[in-house]
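Encoded as structure tokens, the structure appears first; notes follow it.
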Amino acid sequence: MKELYKLSNIVQQYNGRTVLELDHFSVSEGAIVGLAGHNGSGKSTLMRMLAFLENPVSGEIYYDGKKVELSGTDLRREVTMLTQEPYLLKRSVGRNVAYGLELRGESCIESKVRDSLTQVGLEPDLFMSRQWFELSGGEAQRVALAARLAIMPKVLLLDEPTASLDRESTLLIHEAAVNARKENGTTLVIVSHDHHWLEEVSDTIFRFAGGRLDY
Ligand SMILES: Nc1ncnc2c1ncn2[C@@H]1O[C@H](COP(=O)(O)OP(=O)(O)OP(=O)(O)O)[C@@H](O)[C@H]1O
Ligand SMILES: [Mg+2]
Numbered sequence: 001m002k003e004l005y006k007l008s009n010i011v012q013q014y015n016g017r018t019v020l021e022l023d024h025f026s027v028s029e030g031a032i033v034g035l036a037g038h039n040g041s042g043k044s045t046l047m048r049m050l051a052f053l054e055n056p057v058s059g060e061i062y063y064d065g066k067k068v069e070l071s072g073t074d075l076r077r078e079v080t081m082l083t084q085e086p087y088l089l090k091r092s093v094g095r096n097v098a099y100g101l102e103l104r105g106e107s108c109i110e111s112k113v114r115d116s117l118t119q120v121g122l123e124p125d126l127f128m129s130r131q132w133f134e135l136s137g138g139e140a141q142r143v144a145l146a147a148r149l150a151i152m153p154k155v156l157l158l159d160e161p162t163a164s165l166d167r168e169s170t171l172l173i174h175e176a177a178v179n180a181r182k183e184n185g186t187t188l189v190i191v192s193h194d195h196h197w198l199e200e201v202s203d204t205i206f207r208f209a210g211g212r213l214d215y
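To convert, note that position 176 of the sequence shown is 176 in the UniProt record's numbering; the numbers rise steadily by one, no gaps.
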């Protein structure tokens with residue numbers, strides 16, 4: 001399989017303290033990669049780099065064979081991240097999910113929005129016109145995932161997406177994420193304390209300890 005991400009000699013520091021040190025880390029295209037490790041072991045730090053949100057203090061990040069320069073990268077159009085906190089725009093569910101499609105100038109937006117909501121178990125007729133504050137935590141997180149699935153990302157980064165959710169929302173989010181790989185070949189990188197799920201779906205699991213890979 002083609003190597004989608006290749007990171008070499010990565011060091012990340014905050015306030016002069018090293019929190020991540022990776023000689024080599026790679027992700028194959030279309031893979032499901034799990035990241036495990038205790039609190040503070042560097043998982044979210046790595047995820048922010050994979051999302052092109054943060055530069056390491058040293059080291060190189062290659063994506064799709066090209067060296068990534070963070071400033072001005074348009075790669076954020078194809079790589080998207082869902083974190084524990086659902087981030088929704090202050091507008092209706094339908095407008096939230098449509099937003100990324102509109103930015104990309106896509107056609108057939110309404111039917112794509114409906115499809116995405118259905119994928120996360122939200123009945124479009126019931127939810128399209130709901131406002132962002134008229135949702136439970138689990139519904140809000142599912143809308144946030146639907147917004148990301150709608151743009152058919154090449155990479156979906158999931159950083160503890162179900163950490164504070166009920167069982168039903170958790171299962172729906174798990175199912176929708178795995179389905180994105182199956183249907184569209186979306187590459188998934190997943191941080192989850194749900195070990196059973198991570199073991200079940202991941203092709204590879206990397207374990208972190210103190211900012212390093214624990215072999
Ligand atoms: N913006 C920041 N400023 C300073 N220190 C930070 C910052 N972000 C993370 N850290 C520190 O970097 C280390 C790694 O944090 P990171 O969030 O990557 O861990 P994690 O593995 O995701 O942990 P958790 O399982 O709790 O989410 C921790 O010691 C953390 O306190
Ligand atoms: Mg984290």
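Just so it is clear, CB atoms sit at the ideal spot from N, CA and C, and this is done for glycine as well.
request  = Note the first and the last residue of the continuous beta strand (DSSP E) segment covering Thr204.
outcome  = For the purposes of this step, residue 204 is identified with residue 204 of the sequence shown, where counting begins at 1. Thr204 to Ala209 is the span of the beta strand (DSSP E), which, as asked, contains Thr204.
query = Starting from Ile109 and walking both ways along the alpha helix (DSSP H), at which residues does that stretch end?
reply = For this step, residue 109 is matched to residue 109 along the sequence shown. Start and end: Ile109 to Gln119.
query = Since Ile61 and Met47 are thought to touch, with beta carbons under 8 Å apart, how far apart are those beta carbons, to the nearest angstrom?
reply = Along the sequence shown, read from residue 1 onward, the residue named residue 61 stands at position 61. Along the sequence shown, read from residue 1 onward, the residue named residue 47 stands at position 47. Rounded, the Cβ-Cβ distance is 13 Å, inconsistent with contact.
query = CB of Glu54 to nearest heavy atom of ligand 2: below 7 Å?
reply = Numbered from 1 along the sequence shown, position 54 holds the residue referred to as residue 54. Glu54: no, Cβ never under 7 Å from ligand 2.
query = Can we say the region 93–100 touches the region 108–123, given the rule of at least three CB pairs closer than 8 Å?
reply = yes
inquiry  = Within a Cβ cutoff of 7 Å, which residues of the same chain sit near Ala144, ignoring the five residues on either side of it in sequence?
reply    = As a working mapping, residue 144 is identified with position 144 in the sequence shown. Cβ neighbours of Ala144 beyond the five flanking positions: Leu82, Pro86, Tyr87 and Leu88.
request  = Compute the minimum distance between the beta carbon of Phe208 and the heavy atoms of ligand 1, and state whether it is under 7 Å.
outcome  = Position 208 of the sequence shown, counted from the start, is the residue given in the question as residue 208. Yes, Cβ of Phe208 sits closer than 7 Å to a heavy atom of ligand 1.
task = Spell out whether any CB of chain B is found under 8 Å from the CB atom of Leu103.
result = The chain labelled as chain B is not found in the depicted structure, where only one protein chain is given.
inquiry  = Given this structure, state the Cα-to-Cα distance separating Leu122 from Trp132, to the nearest angstrom.
reply    = As a first step, residue 122 must be located in the sequence shown, where it is residue number 122. As a first step, residue 132 must be located in the sequence shown, where it is residue number 132. One C-alpha to the other measures close to 14 Å.
task = Identify the continuous alpha helix (DSSP H) that holds Leu126 and give its terminal residues.
result = Taking the first residue of the sequence shown as 1, we reach residue 126 at position 126. Unbroken alpha helix (DSSP H) run through Leu126: Pro124 to Phe127.
task = Confirm the yes/no value for this check: CB of Ser44, any heavy atom of ligand 2, distance under 7 Å.
result = As a working mapping, residue 44 is identified with position 44 in the sequence shown. At least one heavy atom of ligand 2 is nearer than 7 Å to the Cβ of Ser44, so yes.
key: Three-state secondary structure (DSSP) of Val191   = The residue labelled residue 191 in the question sits at position 191 within the sequence shown. Of the three classes helix, strand and coil, the one that applies to Val191 here is strand, per DSSP.
query = Who are the near neighbours of Val113 in its chain, counting only those whose CB is closer than 6 Å to its CB and skipping five residues on each side?
reply = Here the question's residue 113 lines up with position 113 in the sequence shown. Closer than 6 Å at Cβ, skipping near neighbours: Gly94, Val97 and Ala98.
message = My assumption, with CB atoms under 8 Å, is that Ser169 sits in contact with Gly138. Please give the rounded CB distance.
response = Walking along the sequence shown from the start, residue 169 turns up at place 169. Walking along the sequence shown from the start, residue 138 turns up at place 138. Here Ser169 really is in contact with Gly138; their C-beta atoms are around 3 Å apart, less than 8 Å.
query = Span of the alpha helix (DSSP H) holding Glu175?
reply = Taking the first residue of the sequence shown as 1, we reach residue 175 at position 175. Note, Glu175: alpha helix (DSSP H), Arg167 to Asn184.
task = For Asp214, I'd like the list of residues in its chain whose CB is within less than 6 Å of its CB, leaving aside the five on either flank, ordered along the chain.
result = Position 214 of the sequence shown holds residue 214. The answer, listed in chain order, is Arg207.
Assigned secondary structure, Asn9 (DSSP; H/G/I helix, E/B strand, else coil) = Position 9 of the sequence shown, counted from the first residue, corresponds to residue 9. Collapsing the DSSP output to three states places Asn9 in a strand.
Length of the line joining the Cα atoms of Thr80 and Val57 = Within the sequence shown, the letter at position 80 stands for residue 80. Within the sequence shown, the letter at position 57 stands for residue 57. C-alpha separation (whole angstroms): 22 Å.
inquiry  = At a threshold of 7 Å, does Asp159 count as lining ligand 3 (C-beta to nearest heavy atom)?
reply    = Although ligand 3 was asked about, the structure shown includes only ligand 1 and ligand 2 as ligands.
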